[in-house]
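With full-length UniProt numbering, letter number 432 in the sequence shown gets 432, and the count goes up by one each step, no holes.
Note that CB positions come from ideal geometry on N, CA and C, so glycine has one too.
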Amino acid sequence: MTPSRLRLIHSHTSRQSPLTRRLSLMANATRATRGPTNILHWNMDGYNNKAEELDVLLQEYDVHIAFLNETKLRPDQHLRHRGFRVIRSDGSNGQGGVAALVKRNLACAVLAKTQQPRRQSIRLELGDGIGLTGVYNSPRQLLTEAVIADLFGRTSRHLVIGDLNARHVNWNNTNNNANGTVLNNFAERTNFVVHHPDEPTCYSHNGQTPSTIDIVLNKGTALLGDCRVLHGWPSDHCPVFLQIRAGGSLHEDEPRLDFSSTNWAQFRARVCELLPTPRVPQTPEQLNRAAEELAHALSCATLDTTPLVSKQAGHALELPDSLRRKIEQRKHLRRLHQRSGNPDVNKSINRLTAEIKETVASIKSHNWAETLRRAETANGSAWKLTRILTKSRPKIHHLETDRGPSCRPEEIAETLAGNFEAYHQLPEASQVTAEEVERTIGNRRKGPDDLGDVAHLLARPRKLPPRRLKGPSETEERARMTLAMSPTCSRTREKCSST
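Below, the structure written as structure tokens:
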């Protein structure tokens, strides 16, 4: 860097020291937290019975982003993992489906989701502009060049990760299919690179030749590491692990402004200090200058009165060794059942699944109890919940009168009546009798005028008569029930009594 450039930076820093100092601290923290981003892709062939294995994968390989294919989830079914934000694009009728699990301390934005019967995708963008698309394309869905171009979006650096069901000899397959031919020809024309592992990723249950259909399409990203297959996991597809090397992503571990702790009195005083008596702008140039001064004053006041805090990521669920052994045992039993189809093995798998779910539920309950026991002000969520649970109910005070508080119902009624008369300025001599109230209400009543007395109305049956009444007196009984349910007048009662 030239000396003149250094002098310019030094002079700019000396002029705006409060703002520049805080922003430089945040920028240095941002540069220090750049590191490799670990990405996992796995065609799970159903999420519900492999959630515990996915937890182990996320912990063992410190995954930041996981793209899951063929989740086979309905919209009413849940997909949750602690410390991760979940984005879903479900298939139709519980088939297909794509999900993206993004660590909560990773700077990432959701750009688009595609939800078609035979193709689902989720497009993301990292903090430094690298785009990621997780996609699942059904074997019965033909790929076109327009679809492939749409998967990349408009970002200059983009990775498309998923199961495209595209086979070609150029990425370790024994033959080509239609999707593989279209993808290979389009890649040769547009100069994007197809990254693939050195070994097959799909071992079909029906004994077909293993294939490599879980691949990565790379456009303009030079920081992508090698793809690696992870063996021994319960699915016909092996998980694929890859890394974006240092500098390829931006984590949100840098300090951020905590507006809940802002000193708003100092903020107001600081804004008044930075903005003298405002002048009404007369020209567009004066308006732009006033807007810049206002923005600068608000930024400086915010940075001077708002503390910086570090964002804490959610902790993953710690699995004990005994639970890990059960998960490993179930994984081997599933592989054995895929090869043999033995029903006894399937019973053992179901028994282990029930034990694993019960153990995980007890671990979560124990962890939550410990979190509440050790709740401190630094733990915002637990502290807030504890305050809500221990907060005393507000006390409802008595109505105050000149003679003191009103406690008995008669005193409360008298107090309310006095307040009503005082508010509406009613004369003291105006005594409304019960007969006048009844007459007024009767004039406003809707429906027939003669509804009978109150006792007769209360004695009416609450249920409608049945559709069919058995016995020889069916017609007479139906007529009697109909009369009982209809508004009765004096003449109707006389007619019923005479019959």
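- Message: Counting C-beta neighbours from all protein chains within 10 Å, is the total for Ala27 16 or more, i.e. buried, or is it exposed?
- Response: Here residue 27 refers to the residue found at position 27 when the sequence shown is read from its first residue. Residue placement at Ala27 cannot be trusted, given a pLDDT of 40 that sits under 50; what the coordinates show is reported in the next sentence. Exposed is the call here.
- Give me the Cα-Cα distance between Arg270 and Glu293, rounded to the nearest whole angstrom. Here residue 270 refers to the residue found at position 270 when the sequence shown is read from its first residue. Here residue 293 refers to the residue found at position 293 when the sequence shown is read from its first residue. Each residue's Cα considered, the two are about 13 Å apart.
- Query: If you compare alpha carbons, which of Leu242, Ala112, His237 is closest to His205?
  - Reply: Start at 1 with the first residue of the sequence shown, and residue 205 comes out as number 205. Per the Cα distances, His237.
- Distance, Cα to Cα, Phe259 vs Pro307? As a first step, residue 259 must be located in the sequence shown, where it is residue number 259. As a first step, residue 307 must be located in the sequence shown, where it is residue number 307. So the two alpha carbons sit approximately 8 Å from each other.
- Message: Let's see if you can read the secondary structure: which residues bound the beta strand (DSSP E) around Gly134?
- Response: Here residue 134 is taken as the residue at index 134 of the sequence shown, counted from 1. Here the beta strand (DSSP E) through Gly134 covers 131–137.
- Distance CB(Thr359)-CB(Leu323) smaller than 8 Å: Along the sequence shown, one-based indexing puts residue 359 at 359. Along the sequence shown, one-based indexing puts residue 323 at 323. Going by C-beta atoms, Thr359 is nearer than 8 Å to Leu323.
- Task: Rank Glu125, Ala109, Leu217, Gly96 by C-alpha distance to the C-alpha of Ala149 and give the top, closest one.
- Result: Taking the first residue of the sequence shown as position 1, residue 149 is located at position 149. The shortest Cα separation from Ala149 among Glu125, Ala109, Leu217, Gly96 belongs to Leu217.
- In the DSSP assignment, what are the bridge partners of Trp42? Along the sequence shown, read from residue 1 onward, the residue named residue 42 stands at position 42. Per DSSP, Leu68.
- Measure how close the beta-carbons of Asp163 and Ile244 come, nearest whole angstrom, since I'm counting them as under 8 Å. Here residue 163 corresponds to residue number 163 of the sequence shown, with the count starting at 1. Here residue 244 corresponds to residue number 244 of the sequence shown, with the count starting at 1. Actually they are not in contact, since the Cβ atoms of Asp163 and Ile244 sit about 20 Å apart, beyond 8 Å.
- Is Ala417 buried or exposed, if buried means 16 or more other CB atoms sit within 10 Å of its CB? As a position in the sequence shown, residue 417 is number 417, starting the count at 1. With fewer than 16 Cβ atoms within 10 Å of its Cβ, Ala417 is classed as exposed.
- Query: Within this structure, are the beta carbons of Ala107 and Ile87 separated by less than 8 Å?
  - Reply: Within the sequence shown, numbered from 1, the residue matching residue 107 stands at position 107. Within the sequence shown, numbered from 1, the residue matching residue 87 stands at position 87. No, the pair does not count as a contact, with Cβ atoms beyond the cut-off.
- Between Val98 and Tyr136, which are expected to be in contact by the criterion C-beta below 8 Å, what is the C-beta distance as a whole number of angstroms? Stepping through the sequence shown from its first residue, residue 98 is reached at position 98. Stepping through the sequence shown from its first residue, residue 136 is reached at position 136. 5 Å between Cβ atoms; contact.
- Task: Could you tell me whether the segment 163–178 touches the segment 121–130, where touching means 3 or more Cβ pairs closer than 8 Å?
- Result: no
- Task: Throw me the rounded Cβ distance for the His168 and Gly180 pair, which I believe falls under 8 Å.
- Result: If you number the sequence shown from 1, residue 168 lands on position 168. If you number the sequence shown from 1, residue 180 lands on position 180. With a Cβ gap of about 3 Å, His168 and Gly180 count as contacting.
- So is Trp171 buried or exposed if we call it buried at 16+ other beta carbons inside 10 Å? Position 171 of the sequence shown, counted from the start, is the residue given in the question as residue 171. Buried is the call here.
- Message: Could you compute how far the alpha carbon of Gly35 sits from the alpha carbon of Leu132?
- Response: One-based indexing of the sequence shown puts residue 35 at position 35. One-based indexing of the sequence shown puts residue 132 at position 132. One C-alpha to the other measures close to 17 Å.
- Hey, is the segment 77–85 in contact with the segment 344–354, meaning 3+ C-beta pairs nearer than 8 Å? no
- Task: Give the single residue among Gln329, Thr209, Glu273, Gly153 whose Cα lies nearest to the Cα of Glu53.
- Result: If you number the sequence shown from 1, residue 53 lands on position 53. Glu53 has its Cα closest to that of Gln329, out of Gln329, Thr209, Glu273, Gly153.
- What residue from Cys202, Thr221, Ser89, Gln59 has the CA that sits closest to Val193's CA? Within the sequence shown, the letter at position 193 stands for residue 193. Of the candidates Cys202, Thr221, Ser89, Gln59, the one whose C-alpha sits nearest the C-alpha of Val193 is Thr221.
- Across which residues does DSSP place Ala109 in a beta bridge pair? Working through the sequence shown from its first residue, we reach residue 109 at position 109. Paired residues: Glu125.
- Message: Buried or exposed, going by whether 16 or more other CB atoms sit within 10 Å of the CB of Arg334?
- Response: By one-based count along the sequence shown, residue 334 stands at place 334. Buried, since its Cβ has 16 or more Cβ neighbours within 10 Å.
- Task: Just confirm the distance between the C-beta atoms of Pro117 and Ser92, as a whole number of angstroms; I'd bet it's less than 8 Å.
- Result: Here residue 117 is taken as the residue at index 117 of the sequence shown, counted from 1. Here residue 92 is taken as the residue at index 92 of the sequence shown, counted from 1. Indeed they touch by this definition, with Cβ atoms about 5 Å apart.
- Message: On the DSSP bridge list, what partners appear for Lys103?
- Response: The residue given as residue 103 occupies position 103 in the sequence shown. In DSSP, Lys103 forms a bridge with Phe84.
- Task: Identify which residue in Lys357, Thr114, Ser235 has its Cα closest to the Cα of Thr201.
- Result: Counting from one through the sequence shown, the residue named residue 201 turns up at place 201. Thr201 has its Cα closest to that of Ser235, out of Lys357, Thr114, Ser235.
- Message: Which residue wins for smallest C-alpha separation from residue 504, given the options Cys300, Asp321, Ser156?
- Response: No answer is possible for residue 504: the residues shown for the chain start at 1 and end at 499.
- Find the nearest neighbour of Tyr47 within the set Thr37, Arg74, Ile65, Arg373, judged by alpha-carbon distance. The residue labelled residue 47 in the question sits at position 47 within the sequence shown. Nearest C-alpha to Tyr47: Arg74.
- Message: For residue 501 and Leu40, which I take to be in contact (beta-carbon distance under 8 Å), what is that distance rounded to the nearest angstrom?
- Response: As shown, the chain starts at 1 and ends at 499. That puts residue 501 outside it, with no answer to give.
- Item | Cα-Cα separation between Leu151 and Met44, rounded to whole angstroms | Sequence index remark: in the sequence shown, residue 151 carries index 151 (1-based). Sequence index remark: in the sequence shown, residue 44 carries index 44 (1-based). Taking the straight line from one Cα to the other gives about 21 Å.
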